[in-house]
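Q: In the working numbering, the protein residues as written are 780 to 1200.
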Ligand code: HEM
């Protein structure tokens, strides 16, 4: 389950049928990959559910994070944050995406091997710092990047999941290091928030997500407090950075592995270079890559109020989850499901409970439009400005990295040449 959830869930269905129950560290979780059951999870009253394993995320995200909230508080938070993540708003971040991708592309040495996942990680971290935090100055970007890396480097997932390890005898050990890194990062974030508040008070336009959060008001007219803004910034950073990077790495792999795909994408880009959405074949290639490799293949909800779904009684304290890696392999919906075939997304559309790389219902990914826009913009820029060569010319397996699933080995590639113009 931990190492390879795709294979684990497929084996469970073979052995027990769908739905089936998995015993996890945090208690039993009812799992399903059947579209009609997934639809029932999305449609159930959100008040029946709470966040799963929320204690493990608390030390990092804090209790104000949208991921930690439930019921009315969660709805209110989504109502405040949601408008800043709408499709049209994302266009404002295109320049940040291009400049982050170009900066990393400049660092590549022709002929030298690199890992697509590392390249994409560096790009998506810079995108978050620019688009979410609103940093433009290289010195400010470097300082935040270093703070984030120190904080993440000290957050061992095992320690977060095991409260028994959250001790710091004599102020020493990994937990003490984590607490010190968190304190330092929080100070950095709070100073940044204070500077942005002062800029807005002087009349600056809120062009980034932090600025928009500071300028927003809840339905009762109250603003977000700084500690709460800190929790949401850390949430966006963690929910949005590695996920998007791995999605870009998978897409680079498939676009370069399947004969003809790269040329078809380039033909589309050449035919409509100014199309701000890069919809069409490139978008279909991104969707097909997310179908074959859901980055977050399941997302349990905690049952806070007893209910019955698809004939199963769910007691308080249990978990229930959709499994997208199963739904995405349904041969009735996706013919030859093992094949990478972007055309399928051009031939028909899929319902939210059939194709669900971003989950669904009240907890659907807040950053889905942001992530898809970043995928398209970064891939378009790389394909237009350079020729990359895939060195991992073999089927790559998905491997778990904390809560996400990434390509084993990170996808080995090489910069063959830079393209003129
Ligand atoms: C390809 C990239 C991404 C993937 C595959 C992805 C996937 C997901 C999934 C599966 C969920 C859980 C949904 C559910 O429980 O039904 C989720 C939640 C979330 N995502 Fe994403 N995500 C991505 C990028 C982003 C980005 C870029 C951001 C923000 C900048 C973001 C912010 C969030 C937040 C805040 C939540 C929690 C929503 C809530 O609990 O109400 N994600 N994401």
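Heads up, the beta-carbon is just placed ideally off N, CA and C, and yes, glycines get one too.
Does at least one heavy atom of the ligand HEM sit under 6 Å from the Cβ of residue 1121?
A: Every heavy atom of the ligand HEM is 6 Å or more from the Cβ of residue 1121, so no.
Q: Tell me whether residue 903 is buried or exposed, calling it buried when 16 or more other Cβ atoms sit within 10 Å of its Cβ.
A: With 16 or more other Cβ atoms within 10 Å, it is buried.
Q: I'd like to confirm something about residue 1144: is its beta-carbon nearer than 6 Å to some heavy atom of the ligand HEM, or not?
A: Checking every heavy atom of the ligand HEM against the Cβ of residue 1144, one is found closer than 6 Å.
Q: According to DSSP, simplified to helix, strand and coil, what is residue 1005?
A: Looking at residue 1005 - three-state DSSP - the assignment turns out to be helix.
Q: Report the start-end ranges of each alpha helix (DSSP H) in the region 1087–1123 that is 4 residues or longer and not cut off at the edges.
A: Whole alpha helix (DSSP H) segments, 4+ residues: 1103–1106.
Q: Could you give the first and the last residue of the continuous beta strand (DSSP E) run that contains residue 1195?
A: First-last of the beta strand (DSSP E) with residue 1195: 1191–1197.
Q: For residue 800, list the residues DSSP reports as bridge partners.
A: Beta-bridge pairing links residue 800 to 809.
Q: Which ranges does the beta strand (DSSP E) cover as unbroken runs of at least 3 residues, wholly within the region 847–910, from first to last along the chain?
A: 892–894, all fully within the region 847–910.
Q: Is it buried or exposed, residue 921, if we count other Cβ atoms within 10 angstroms and call 16 or more buried?
A: So residue 921 counts as exposed.
Q: What is the residue span of the alpha helix (DSSP H) that residue 763 lies within?
A: Any property of residue 763 remains undetermined from this structure, which presents the chain solely from 780 to 1200.
Q: Could you compute how far the alpha carbon of residue 915 sits from the alpha carbon of residue 899?
A: Looking at the two C-alpha atoms, the distance is approximately 19 Å.
Q: Heavy atom of the ligand HEM less than 6 Å from the Cβ of residue 1075, yes or no?
A: Checking the Cβ of residue 1075 against the ligand HEM gives yes.
Q: When you compare only the Cα positions, how much space is there between residue 1120 and residue 1071?
A: The alpha-carbon atoms of residue 1120 and residue 1071 are separated by roughly 10 Å.
Q: Closest by CA to residue 891, which one among 1198, 1199, 969, 1193?
A: Nearest option by C-alpha distance: 1193.
Q: What do you reckon, is the C-beta of residue 1136 under 6 Å from a heavy atom of the ligand HEM?
A: For the ligand HEM, at least one heavy atom lies less than 6 Å from the Cβ of residue 1136.
Q: Is residue 1149 a contact residue of the ligand HEM, with contact defined as CB to any heavy atom under 6 Å?
A: Yes - the ligand HEM has a heavy atom lying nearer than 6 Å to the Cβ of residue 1149.
Q: Output the boundary residues of the alpha helix (DSSP H) element that contains residue 795.
A: Counting along the chain, the alpha helix (DSSP H) containing residue 795 begins and ends at 784–795.
Q: From the DSSP output, in three-state form, read off residue 1168 for me.
A: Reduced to three states, the DSSP call for residue 1168 is strand.
Q: Can residue 1093 be considered in contact with the ligand HEM, in the sense that its beta carbon sits closer than 6 Å to one or more heavy atoms?
A: Residue 1093: no, Cβ never under 6 Å from the ligand HEM.
Q: Whole angstroms is fine: what's the gap from residue 1082's alpha carbon to residue 941's?
A: Going from the Cα of residue 1082 to the Cα of residue 941 covers about 22 Å.
Q: Would you kindly work out how many angstroms separate the C-alpha atoms of residue 969 and residue 1186, rounded to a whole number?
A: Distance between the alpha carbons of residue 969 and residue 1186 is about 35 Å.
Q: What residue does the alpha helix (DSSP H) around residue 1177 start on, and which one ends it?
A: That residue, residue 1177, is in no alpha helix (DSSP H); its beta strand (DSSP E) goes 1177–1180.
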